[in-house]
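> Here's a structure for you.
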């Protein structure tokens, strides 16, 4: 059984630090990937979201996709509608609905 000092030493070992620095290196790559459209693989222009799963795409890409497929390209959930604005969190959505500020733009 390791003592508290030994556990702290293990946490600061090169292997533990290596995995931490790897996470730091992966974070910018994940953030950059979040800005890319999964359909065209380019930077998202005029973002649109699948309302059920909130996956984000270029507005034109998801409209074209939807003409041929009625499921999300990423998770395959049915596409009921596509919206252009998604509130930050559910509480904001609730407040916006109550105040009348939440009007998603529906795409055909």
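Residue numbers (the UniProt record's numbering): 1 to 108. For glycine and all other residues, C-beta sits at the position ideal for the given N, C-alpha and C.
1. How many whole angstroms separate the CB atoms of residue 48 and residue 84, which I take to be in contact at a CB cut-off of 8 Å?
2. With a Cβ-Cβ cutoff of 8 Å, do residue 43 and residue 35 count as a contact?
3. Report the start-end ranges of each beta strand (DSSP E) in the UniProt domain "RING-type" (37-76) that is 3 residues or longer and not cut off at the edges.
4. Near residue 45, which residues of its chain fall below 6 Å by C-beta distance, leaving aside the five closest residues on each side in sequence?
5. I'd like to know whether the C-beta of residue 68 is nearer than 8 Å to at least one C-beta of chain C.
6. Quick one: Cα of residue 38 to Cα of residue 74, how far?
7. To which residues of the same chain is residue 62 closer than 6 Å at the C-beta, ignoring the five residues directly before and after it?
Working from what's here:
1. 5 Å
2. yes
3. 47-50, 56-58
4. 58
5. Note that chain C does not occur in the displayed structure, where there is just one protein chain.
6. 8 Å
7. 48, 82
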